[in-house]
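Chemist: Under the numbering used here, the first residue of the sequence shown carries the number 30, and numbering increases by one thereafter.
Even for Gly, the Cβ is constructed at its ideal location relative to N, Cα and C.
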Amino acid sequence: MWIEGDSLAPPCQSDRDVVSKIVEIARVTPADVLFDLGCGDGRICIEAAKRYGARARGVEIEEFLIKRFRELIAANDLQQLVSVSHGDLLEEDLSEATVIVTYLLPDALDQLTPKFTKLLSQTDKNVRIICNTWGIRGLTPDERYDAGPYDNVPLFVYRSYGRSSALKEEKPTQTLVETQEGTRKLNIQDSTVE
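1) Among 46, 132, 185 and 63, which residue has its Cα nearest to the Cα of residue 86?
2) Between the Cα of residue 162 and the Cα atoms of 147, 181, 144 and 172, which residue gives the shortest distance?
3) Residue ranges of each beta strand (DSSP E) run of no fewer than 3 residues wholly in the stretch 45-109, ordered along the chain?
4) Is residue 187 close to chain D? Criterion is C-beta to C-beta, closer than 9 angstroms.
5) Quick one: grab the DSSP three-state call for residue 149.
6) Assuming residue 157 and residue 55 make a contact with CB atoms under 8 angstroms, what is their CB distance in whole Å?
7) With residue 66 and residue 133 assumed to form a contact (beta carbons below 8 angstroms), what rounded beta-carbon distance in angstroms separates them?
8) What residues match up with residue 155 in a beta bridge as DSSP calls it?
9) Relative to the alpha-carbon of residue 155, which residue among 125, 174, 136 and 177 has its alpha-carbon at the smallest distance?
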């Protein structure tokens, strides 16, 4: 690990094209509440609010980044949609979230895994978790994308698909399997691979 101290996130922001891709693959809508854990200067929250009218909340521990984020909120006149809190992202209440974005180190993701698993398995909402660079160990992503100027930034997407009580009764029809060609969808009913 290249970071000294107890930081949970890499010491850099996501590039603008990565930010745009994250918001796009999350399929953000005005009905969403996006949480960015370790939000830095808030560029993902700002993008989601400006582009799609979503409410967004950033959580950050670094005061100078919070100050910059608040300046960006004001400069973009997004006070009604975007907020930032100073705090420990591990303690954040995520019950209101429909989209969660992380650019966190694997150890931090490990600490959040129980919370993420609960959100993905017990919610009646369509929750999406997008992880930049590192995925959630122990969970298989529903989708994986490459972003950045050289397609060298992996993005992992985990979806709850709005599991309602009716949907929980249904048997799955597809699962993701790893093949030599990469991740493929296996149709459980007829055993075909897409």
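Modeler: This is what the structure holds:
1) Numbered from 1 along the sequence shown, position 57 holds the residue referred to as residue 86. When only C-alpha atoms are compared, the closest one is 63.
2) For the purposes of this step, residue 162 is identified with residue 133 of the sequence shown, where counting begins at 1. Minimum Cα distance to residue 162 is reached at 181.
3) As for any beta strand (DSSP E) of minimum length 3 sitting wholly inside the stretch 45-109, the runs are 62-66 and 84-89, ordered along the chain.
4) In the displayed structure, chain D is absent; only one protein chain is listed.
5) In the sequence shown, the residue the question calls residue 149 occupies position 120. Residue 149 falls in the helix class under three-state DSSP.
6) Along the sequence shown, one-based indexing puts residue 157 at 128. Along the sequence shown, one-based indexing puts residue 55 at 26. The beta-carbon distance between residue 157 and residue 55, rounded to whole angstroms, is 5 angstroms. This is short enough to meet the 8 angstroms contact definition.
7) The residue you call residue 66 lines up with position 37 of the sequence shown. The residue you call residue 133 lines up with position 104 of the sequence shown. About 7 angstroms; that satisfies the 8 angstroms criterion.
8) For the purposes of this step, residue 155 is taken as the residue at position 126 of the sequence shown. Beta-bridge pairing links residue 155 to no other residue.
9) Working through the sequence shown from its first residue, we reach residue 155 at position 126. It is 125 whose Cα lies nearest to the Cα of residue 155.
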